[in-house]
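The structure appears below as C-alpha cells.
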Amino acid sequence: MFKKNLYLSLLILVIGLLAGFVVLNFKTPAQGADPHGHQAAESAGHEETEKNPTEKPLKGPHGGRLLSDKDLQLEVKIYESDVPPEFRVYLLRQGKSLPFQGFSLKAQVKRLGKTDAISFKPERDYLRGQQEIYEPHSFDAVFEGQYQGKSYRWSFRQEEGRLQVPDEMRRRSEIQILTAGPQVLSKKLVFPGQIALDQDKYVHIVPPLAGRAIEVLKHVGEKVGKGEVLAVIHSRELSDLRLQHVLLQQKGHRERFLWQREETQRQALLSLLKLLRQGQDPEAIHNQLLKAPLGEAKSLILTAFADLRLARQKMQRERELSQAKLASQEDTQTARTEYENALSHYRGVVEEAVLQRESAGVLQRQSLQAVESEQAALEQKLKILQVGPGKEGSARYELRSPISGVVTQKHLSMGESVGVDSEVFVIADLSIVWAEMLVPDTQLEQVGLGQRVRVISQNRKREAFGVISHNSPVVDPETRRAEAHAHISNSDGFWRPGMFVSVEVLTDARRVPVAVAKSAIQSFRDWQVVFAQFGETFEVRPLELGEEDETWVEVKSGLSPGQPYAALNSFVLKAELGKSAASHDH
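Each residue of the sequence shown is one higher than the last, beginning at 0 in numbering that gives the first Met the number 0.
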C-alpha cells in the first residue's frame, strides 16, 4: 500500500514538472523583444536569418543584443538615456570583453526608403555610434568589422510600428493616400454668409408695349439664351405702329418722286439758262427745251419764245429791206431793239422758271426730309422694341431675354393683360454669384477689398474661391456689422441664391516646404505620427510639427517631401497596429 502511494506521488510530480515546462515555453512572446523593447526577428553571423523567429535574441552582459560571427561576439545596444538614441557596441570573445586595439567597425541601418551609414568611436569600454538612431527603431542593421586580419559581419532585424496592408483591404477601408510636400498655411476669419444674386447680372423684364399674353414659353428654373423668346404678346399698339410705318413708307415714296421731278426740271432750266448766257442761238436751244420736262413753266417759256421769234424775223426783214434801200435806218434799229427786248424777256422768263423750280424743290425736299425723319424715328422705335416692321397691322410682339441666364421669377399667364409697367419675368445670370457676409465692426480692419475667400457649403462637401469685391463703408447701427461680398464662379449652378454658407477670409498665408493633412496625424506611444506608405507596407513616422491651419500641418522633421502617407481614415492603420500587440518597453 505504501509503495502504491509512493508511485502515485512520483507520477503526479513528473506530470506537474512537464506541465510547468510547457507553460513556461508558451509564455515566450510570439515575437521576441530586443533590449530596446521592439518586436524583433534576428539573423546572426553572415546575415543568416534565424530559423525560429519566435526565439528571444541572446543578451550580452550589458543587456544588449548579442550577435556572433566566427569566434567573435558583438553586443549591440540602443542607448537613449538623456541622449538621442545611439548605438553602443561591445566586442566579446566567449563572453569576455576584448580591447578595441586593431578593431574597426562600421554599420548600415537599412530602413524603408532609406539607408543610413553609422560610424563608431571608442569610448571607455564600448564603441559609440556617431549618428542618431532615430525613431522608429524599425530596420535591418548590418555591422562589418576588421579584427586581427579577419573580416566579420553581424546583422539583425527589428520592427516596430510597421504593418502589411494589402491594396484590396486599403481600398475597402477607404484609406486615402497623399504625398508630403509644400503647402500654403492660411490664417483666416470665418463668417456665416449666404449666396446672393450678382446685382449687375440680373434683369427685371417689363414689356415695352401693352397687350395680352397669347404664348408663355419659359418658366421658373429654365435656362434661357440671350435673345430667346420668353412670351408672345398681342399688342394693338404694335399693330398701329406697323400700319403707320407702311403709310410713311408710301408717303415717302411719293414725296421722293415729287422732289426728284422738281430737281429734274430745275437742272433742265439751269442748262438752258447757261446756254443762253453763253450767247448760243435761242432757236437751237429751244429745240432742246421742248424735250425737257419743264412743267408749268413750259407755257410761259413757249410764249416768250414765240415773241422772241417774231422779233427776230422782223429784225431780219427790216435788215433785208434796209439793204435794198426799201426801209429806213430808223426802222431797222427799231426792229433790232424789239428783238433784244424779246431776247431779254425770254431770258427773264427762263430765269424766273429756274427760281420757281428751285423754290419748289426746296419745299419738296423739306417735305421729303420730314417724312424720312418721321419714318426713321418710327423704325428706331421698332428697333428698340426688337421687332421689325412686319406685316401691315401685325400685332404679334415677341418678348425676348436681353441676357443669358435662368428664369428666377415669372408673373405672366396665358391670356393675361400686361401694361408697360408690368414686371413679367426676372432673369438672372448665375454663372457668377455673390457670397455675402456681415463683418463685425471689431474685425473690419482685417477684411478688405481683394482678399481671397473660401466659400464652404453647409455639408462641407463643396467649396469655391473668390476675392472680396465690395466692402460696405457703412456699419449697421443696430447689428454693428458691415456687409461685404465676394464674387465666386458658379458655372455648374451649384451655388443657389439664398443658400447658407461659411465664408473664410484668408488674412495671412505662409508657404512651408513640407506639410501633411491634419487627418493623417495619429498618436503612437508618446509621438505624433503619420503612416508612411511603401507599397503594401505602412510604417509610423514620428514627426516634429509646426504651424497649422484647418487642413494642413507643417512638418519640421520626420518626413521627406514626396513621401506617400495615409491621410483620411488613417486611424484604421492605428487600430490594426494595436491588434498586433506591438510593444516598446523603455
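Heads up, the beta-carbon is just placed ideally off N, CA and C, and yes, glycines get one too.
Exercise. List in chain order: all unbroken beta strand (DSSP E) runs of 3+ residues lying wholly within the stretch 447 to 481.
Key: As far as the stretch 447 to 481 is concerned, its whole beta strand (DSSP E) runs of at least 3 residues are 451 to 456, 462 to 470.
What are the residues that DSSP puts in a beta bridge with Glu-397?
-> Looking at the DSSP assignment, Glu-397 forms a beta bridge with Val-231.
- Task: Assuming Gly-184 and Glu-553 form a contact by the criterion Cβ under 8 Å, report the distance between their Cβ atoms to the nearest whole angstrom.
- Result: Residue identity differs from the one stated: residue 184 is Leu in this sequence, not Gly. Sure, about 6 Å apart at Cβ, within 8 Å.
Item to check | Of the listed residues His-218, Leu-381, Ile-77, nearest to Asp-239 (C-alpha basis) | outcome: If we check each option's Cα against that of Asp-239, Leu-381 comes out closest.
Exercise. By how many angstroms is the C-alpha of Phe-533 removed from the C-alpha of Tyr-564?
Worked result: Approximately 9 Å, taken between the alpha carbons.
Exercise. Please classify Met-314: is it buried, with 16 or more other beta-carbons within 10 angstroms of its beta-carbon, or exposed?
Key: Flag for Met-314 reads buried.
Whole-number beta carbon distance between Ser-468 and Ala-519, since they are thought to touch under 8 Å:
With a Cβ gap of about 36 Å, Ala-519 and Ser-468 do not count as contacting.
task = Rank Arg-265, Gly-557, Val-515, Thr-478 by C-alpha distance to the C-alpha of Trp-526 and give the top, closest one.
result = When each option's Cα is compared against that of Trp-526, the closest is Gly-557.
Practice item. Measure the C-alpha to C-alpha separation of Ala-574 and Asp-507 and round it to an integer number of angstroms. Key: Our two residues, Ala-574 and Asp-507, have alpha carbons roughly 37 Å apart in a direct line.
- Could you check what DSSP says for Glu-575 in three-state terms: helix, strand or coil? In this structure, Glu-575 counts as helix in the three-state DSSP scheme.
| query | Going by DSSP, what residues sit across from Trp-526 in a beta bridge? | reply | When beta bridges are read from the DSSP output, Trp-526 appears opposite Phe-523.
Which runs of the beta strand (DSSP E) fall wholly inside the stretch 402 to 453 and span at least 3 residues, in chain order? Scanning the stretch 402 to 453 for uninterrupted beta strand (DSSP E) segments of 3 residues or longer gives 404 to 409, 424 to 427, 431 to 439, listed from N- to C-terminal end.
Where Ser-569 sits in the DSSP three-state scheme: Per DSSP, reduced to three states, the secondary structure at Ser-569 is coil, with no helix or strand assignment.
How is the alpha helix (DSSP H) around Lys-382 delimited, first residue to last?
Residues 328 to 383.
With H, G and I counted as helix, E and B as strand and the rest as coil, what does DSSP make of Gly-59?
In the structure shown, Gly-59 adopts coil according to DSSP, grouped into three states.
Below 8 Å CB to CB, which residues in the same chain sit around Leu-307 once its five sequence neighbours on both sides are set aside?
Pro-281, Tyr-338, Ala-341, Leu-342, His-344, Tyr-345, listed in sequence order.
Q | Residue of Val-423, Val-82, Ser-471, Pro-60 minimising C-alpha distance to Ala-212 | A | With distances taken between Cα atoms, Ala-212 lies closest to Val-423.
On the premise that Val-231 lies in contact with Arg-395, defined as a C-beta separation below 8 Å, what is that separation, rounded to the nearest angstrom?
Yes, Arg-395 and Val-231 are in contact; Cβ-Cβ is about 6 Å, under 8 Å.
**Message:** By the DSSP assignment, the beta strand (DSSP E) with Glu-543 in it spans what residues?
**Reply:** Run containing Glu-543: 543 to 547, per the beta strand (DSSP E) assignment.
**Message:** Are the CB atoms of Val-500 and Gly-192 within a distance shorter than 7 Å?
**Reply:** A Cβ-Cβ contact shorter than 7 Å links Gly-192 with Val-500.
So, helix, strand or coil for His-252, using DSSP?
Looking at His-252 - three-state DSSP - the assignment turns out to be helix.
Query raised in the report: Taking 6 Å as the cut-off, is the CB of Arg-161 close to at least one heavy atom of the ligand ADP?
Result: Absent from the structure shown: the ligand ADP. Ligands present: none.
| said: Applying the 10 Å Cβ sphere with the 16-neighbour rule, what's the burial state of Gly-210? | reply: Gly-210 counts as buried, since no fewer than 16 other beta carbons sit within 10 angstroms of its beta carbon.
* Taking 8 Å as the threshold, find out whether the stretch 435 to 446 comes into contact with the stretch 467 to 487 through three or more Cβ pairs. => With the cut-off at 8 Å, the stretch 435 to 446 and the stretch 467 to 487 touch.
ask   = Okay, do the stretch 235 to 252 and the stretch 448 to 459 touch, 3+ Cβ pairs below 8 Å being the bar?
value = Output reads no: the stretch 448 to 459 does not touch the stretch 235 to 252.
Q. Measuring CB to CB, does Lys-76 end up less than 7 Å from Gly-63?
A. Their beta carbons are under 7 Å apart, which means Lys-76 touches Gly-63 by this criterion.
Should the stretch 134 to 148 be regarded as contacting the stretch 85 to 105, the criterion being three or more beta carbon pairs within less than 8 Å?
-> Below 8 Å, enough C-beta pairs join the stretch 134 to 148 and the stretch 85 to 105 to call them touching: three or more.
When DSSP labels each residue in this structure, what does Asp-593 get in the three-state scheme? No information on residue 593 is available, as it lies outside the stretch 0 to 585 that the chain covers here.
Discussion item. Quick check: what's the CA-CA separation for Pro-476 versus Thr-407?
Written reply: Taking the straight line from one Cα to the other gives about 32 Å.
Query raised in the report: What are the boundary residues of the alpha helix (DSSP H) that includes Arg-123?
Result: Segment: none, Arg-123 is in no alpha helix (DSSP H) and carries neither H nor E.
| Beta-carbon gap between Arg-399 and Gly-224 smaller than 7 Å | By the CB criterion at 7 Å, Arg-399 and Gly-224 fall outside the cutoff.
Measure the alpha-carbon distance for Gly-148 versus Gly-59 and round it to whole angstroms. So the two alpha carbons sit approximately 25 Å from each other.
Subject >> Expected contact under 8 Å - CB spacing of Leu-188 and Gln-445 to nearest Å >> reply: The Cβ separation is near 6 Å, so the contact holds.
Quiz item: Between Gly-561 and Leu-544, what straight-line distance do the alpha-carbon atoms span, to the nearest angstrom?
Solution: The straight-line gap separating the alpha-carbon atoms of Gly-561 and Leu-544 is approximately 17 Å.
Near Lys-120, what residues of its chain come up, given a Cβ to Cβ distance below 8 Å and the 5 sequence neighbours on each side ignored?
-> Correct list, in chain order: Leu-126, Arg-127, Gln-129.
### Message
Tell me the DSSP secondary structure of His-136 in three-state form.
### Response
Correct three-state label for His-136: coil.
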